[in-house]
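S.K.:
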Amino acid sequence: MNNNRLPLYVIFVLVAVAIIWRISSPPPKALPGPVGPFGGWKSSRTIGEMGAYAVNPAGALWAGAWNHKEPAANTTSSAIRIIDFNSHSGKSCALPNGIEVYYLSWANDRIIRVCFSTVSDPDKGLGLILVDAVEGKIKDEPVYCSDIKRVVYWPEATSTLIAQTDDEPACVASFKFAGFEKPDESGESLFSIIGEPIPIPGEDAGNLYKDAGIVNSGSTFVFSVNDDEAKGGRAYYMSDAYTASADKIFELDDVPGRILHIWPAPMEALILCGVGQKLHLVIYDVQTHKIIDKPNGVGDITIWPEAPEKIPYTSYDGGFELDLATGKSKAAFDLSKRNSDDEKTWRDMIRGSTFYKLKDGNFVTISEVGGLVDIRELKPNGMWYRDVLSRN
């Protein structure tokens with residue numbers, strides 16, 4: 085009878101070859117961000133920590149950045165995770181090692197502006213990478229601008245931004261981004277300051293807070309600083325970039341709730357606040373130095389061309405769109421009569437979110453608490469359809 089078993093030495097050789105191959109060709113490292121394939125992504129189960137996220141102007145694509153410190157290798161790794169709401173699909177894009185992403189902004193509906201600092205050399209200033217969200221690939225080589233220490237606010241689909249400069253004492257300024265069309269594509273040539281740097285009150289860059297707003301020209305902008313002596317612990321300043329002046333316009337407790345958006349204009353700043361489960365509009369009037377309540381809307385919205393006509397939001401009773409001109413909210417989906425225990429849990433789960441309508445009539449809600457984002461897809465009636473990137 086024939087012996088069909090392989091000789092032991094052949095088995096040993098095969099095992100050795102397999103070991104050598106695995107050592108020389110290790111599996112790729114998992115990228116920072118949610119673990120596993122898309123469909124099972126959870127923001128509470130990730131490699132690294134989320135540094136920033138943003139939704140494109142069309143409300144169809146979401147991008148989030150995760151940074152992971154690797155002490156053994158004395159470096160950091162970063163990646164962008166991209167979700168297409170309409171196709172319910174996800175992509176991942178690895179970024180260069182040794183950076184830390186802290187801000188994302190969409191240049192248009194396809195291109196993500198990835199703002200980062202260099203871990204080993206913070207003096208390099210702002211680092212910028214463009215990522216094609218449709219392809220899930222880096223579009224251009226990174227550029228650096230040492231004049232900018234850190235981006236504070238960069239609205240979607242605009243070329244103007246607010247940033248902390250490299251000046252001492254600490255200053256803030258508005259900048260214009262030229263894009264990558266210039267022949268000399270150095271960071272300093274791509275970013276140009278508008279007007280002059282403005283000293284940060286208290287001269288402590290760590291006081292700068294994320295609440296901000298800017299007109300498209302960059303000539304007028306609002307920034308905020310943490311201030312122990314201000315009511316609510318925060319003060320807001322309106323700046324004229326060309327005169328390098330900044331006037332305190334209000335303190336946090338002067339407005340009726342948490343600030344969600346600020347749209348400045350030379351004579352008035354429009355402020356959207358969250359008060360409980362509702363949205364509330366107020367105006368800061370430059371001439372009278374007063375906060376004016378606007379329960380019936382602002383009327384002529386064209387005073388603030390950067391502001392949208394409507395703002396979507398969710399409450400315990402459903403999804404609504406606030407018309408900034410009239411102050412009226414119109415229901416996109418009604419949950420007020422959903423009173424079973426499961427339905428009440430669902431209502432509580434999605435309140436305080438923003439939402440976007442998909443091509444098929446479904447909705448997507450997005451909220452973020454403590455660095456954990458929660459994205460759910462809803463049926464047209466507002467009830468759960470499937471998780472997209474849930475907290476748990």
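In case it helps, my numbering puts the sequence shown at residues 85 to 476. By construction, the Cβ of each residue, glycine as well, lies at the ideal position given by its N, Cα and C atoms. Here the structure is a predicted model, which means the values were calculated and not measured.
Applying the criterion that 16 or more other CB atoms from any shown protein chain within 10 Å of the CB defines a buried residue, is D224 buried or exposed?
M.R.: The residue labelled residue 224 in the question sits at position 140 within the sequence shown. The residue is exposed, with fewer than 16 neighbouring Cβ atoms inside 10 Å.
S.K.: Among E427, L179, I333, K412, which has the Cα closest to the Cα of N380?
M.R.: Here residue 380 refers to the residue found at position 296 when the sequence shown is read from its first residue. Among E427, L179, I333, K412, the Cα nearest to that of N380 is on K412.
S.K.: What do you reckon, are the CB atoms on L363 and L406 nearer than 8 Å?
M.R.: Position 279 of the sequence shown, counted from the first residue, corresponds to residue 363. Position 322 of the sequence shown, counted from the first residue, corresponds to residue 406. Yes, the pair counts as a contact, with Cβ atoms nearer than the cut-off.
S.K.: Using only CA atoms, which one of I167, G454, K233, A114 lies nearest to G220?
M.R.: To locate residue 220, count along the sequence shown from 1; it is residue 136. Residue I167 is the option with its Cα nearest to G220.
S.K.: Does the beta-carbon of H373 have 16 or more other beta-carbons within 10 angstroms, so that it is buried, or is it exposed?
M.R.: For the purposes of this step, residue 373 is identified with residue 289 of the sequence shown, where counting begins at 1. Looking at its Cβ environment, which holds fewer than 16 other Cβ atoms inside 10 Å, H373 is exposed.
S.K.: Which whole-angstrom value is the C-beta distance of I232 and L210, which I expect to be below 8 Å?
M.R.: Numbered from 1 along the sequence shown, position 148 holds the residue referred to as residue 232. Numbered from 1 along the sequence shown, position 126 holds the residue referred to as residue 210. Between L210 and I232 the Cβ distance is about 4 Å, and since that is below 8 Å, they are a contact.
S.K.: Using 8 Å as the threshold, is the C-beta distance between L356 and V382 below it?
M.R.: Reading the sequence shown from its first residue, position 272 is the one you call residue 356. Reading the sequence shown from its first residue, position 298 is the one you call residue 382. No, Cβ-Cβ distance for L356 and V382 is not below 8 Å.
S.K.: Between which two residues does the alpha helix (DSSP H) carrying T429 extend?
M.R.: Working through the sequence shown from its first residue, we reach residue 429 at position 345. Its alpha helix (DSSP H) spans residues 425 to 434.
S.K.: Is P281 helix, strand or coil when you go by DSSP?
M.R.: If you number the sequence shown from 1, residue 281 lands on position 197. Note: P281 maps to strand in three-state DSSP.
S.K.: For the beta strand (DSSP E) that contains Q248, what are its first and last residues?
M.R.: For the purposes of this step, residue 248 is identified with residue 164 of the sequence shown, where counting begins at 1. Residues 244 to 249.
S.K.: Roughly how far, in whole angstroms, is the beta-carbon of N170 from the beta-carbon of L442, given that I think they are within contact range, below 8 Å?
M.R.: Within the sequence shown, numbered from 1, the residue matching residue 170 stands at position 86. Within the sequence shown, numbered from 1, the residue matching residue 442 stands at position 358. About 5 Å separates the two Cβ atoms, so the contact holds.
S.K.: Please classify Y187 as buried or exposed, where buried requires at least 16 other C-beta atoms within 10 Å of its C-beta.
M.R.: Working through the sequence shown from its first residue, we reach residue 187 at position 103. It counts as buried.
S.K.: Could you check what DSSP says for S127 in three-state terms: helix, strand or coil?
M.R.: Numbered from its first residue, the sequence shown carries residue 127 at position 43. Reduced to three states, the DSSP call for S127 is coil.
S.K.: Which class does G302 belong to by DSSP, given the choice of helix, strand or coil?
M.R.: On the sequence shown, position 218 is the one that residue 302 refers to. Correct three-state label for G302: coil.
S.K.: First and last residue of the beta strand (DSSP E) that includes W150?
M.R.: On the sequence shown, residue 150 is found 66 positions in, with the first residue counted as 1. Counting along the chain, the beta strand (DSSP E) containing W150 begins and ends at 145 to 154.
S.K.: Rounded to whole angstroms, how far is the Cβ of V198 from the Cβ of V185, which I believe are closer than 8 Å?
M.R.: In the sequence shown, residue 198 corresponds to position 114, counting from 1. In the sequence shown, residue 185 corresponds to position 101, counting from 1. Their Cβ separation, rounded to whole angstroms, is 6 Å, which keeps V198 and V185 in contact under 8 Å.
S.K.: How close, in whole Å, do the beta carbons of Y147 and I196 come, if the pair is a contact with beta carbons under 8 Å?
M.R.: Counting from one through the sequence shown, the residue named residue 147 turns up at place 63. Counting from one through the sequence shown, the residue named residue 196 turns up at place 112. Correcting the residue identity first, residue 147 is Ala in this sequence and not Tyr. Indeed, because the Cβ distance is near 5 Å, the residues count as touching under 8 Å.
S.K.: Would you check if the distance between the CB atom of A416 and the CB atom of P396 is smaller than 8 Å?
M.R.: Locating residue 416 in the sequence shown gives position 332, where the first residue counts as 1. Locating residue 396 in the sequence shown gives position 312, where the first residue counts as 1. Against a cut-off of 8 Å, the Cβ pair of P396 and A416 comes out as a contact.
S.K.: What do you reckon, is the C-beta of A349 under 7 Å from a heavy atom of the ligand PLP?
M.R.: Ligands displayed in this structure: none; no statement on the ligand PLP is therefore possible.
S.K.: For S329 and A262, what's the separation of their Cα atoms in angstroms?
M.R.: Numbered from 1 along the sequence shown, position 245 holds the residue referred to as residue 329. Numbered from 1 along the sequence shown, position 178 holds the residue referred to as residue 262. So the alpha carbons of these two residues sit roughly 25 Å apart.
S.K.: Helix, strand or coil, according to DSSP, for D231 in the structure here?
M.R.: Here residue 231 refers to the residue found at position 147 when the sequence shown is read from its first residue. Here D231 sits in coil by DSSP.
S.K.: Give the DSSP-derived three-state secondary structure of S474 in the structure shown.
M.R.: Position 390 of the sequence shown, counting from 1, holds the residue named residue 474. Here S474 sits in strand by DSSP.
S.K.: Please classify M134 as buried or exposed, where buried requires at least 16 other C-beta atoms within 10 Å of its C-beta.
M.R.: The sequence position of residue 134 within the sequence shown is 50, counting from 1. Counting Cβ neighbours within 10 Å, M134 comes out buried, since at least 16 surround it.
S.K.: Do Y326 and V309 have their CB atoms nearer than 8 Å?
M.R.: As a position in the sequence shown, residue 326 is number 242, starting the count at 1. As a position in the sequence shown, residue 309 is number 225, starting the count at 1. For Y326 and V309, no; Cβs fall outside 8 Å.
S.K.: Kindly indicate which residue of R234, T398, F307 has the alpha-carbon position closest to the one of I450.
M.R.: Numbered from its first residue, the sequence shown carries residue 450 at position 366. The residue with the shortest Cα to Cα distance from I450 is T398.
S.K.: Using the Cβ count rule (16 or more neighbours within 10 Å means buried), how would you classify P239?
M.R.: Along the sequence shown, one-based indexing puts residue 239 at 155. Flag for P239 reads buried.
S.K.: Which residues in the same chain have their Cβ closer than 8 Å to the Cβ of P116, if we skip the five residues on either side of it in sequence?
M.R.: Numbered from its first residue, the sequence shown carries residue 116 at position 32. Within the same chain, P116 has close Cβ partners T130, I131, G132, W150, N151, H152, S161, S162, A163.
S.K.: Could you round the C-beta distance between I246 and F307 to whole angstroms and report it? I think they count as a contact, below 8 Å.
M.R.: Against the sequence shown, residue 246 aligns to sequence position 162. Against the sequence shown, residue 307 aligns to sequence position 223. Right, their Cβ atoms sit about 6 Å apart.
S.K.: The beta strand (DSSP E) spanning F404 covers which residue range?
M.R.: Taking the first residue of the sequence shown as 1, we reach residue 404 at position 320. Its beta strand (DSSP E) spans residues 402 to 407.
S.K.: Where does T477 sit, in a helix, a strand or coil, going by DSSP?
M.R.: As displayed, the chain neither begins before 85 nor continues past 476, which places residue 477 out of reach and without an answer.
S.K.: Within a Cβ cutoff of 7 Å, which residues of the same chain sit near T242, ignoring the five residues on either side of it in sequence?
M.R.: Within the sequence shown, numbered from 1, the residue matching residue 242 stands at position 158. The residues are N300.
S.K.: Buried or exposed: where does K175 fall if 16 or more other Cβ atoms within 10 Å of its Cβ makes it buried?
M.R.: On the sequence shown, residue 175 is found 91 positions in, with the first residue counted as 1. Buried is the call here.
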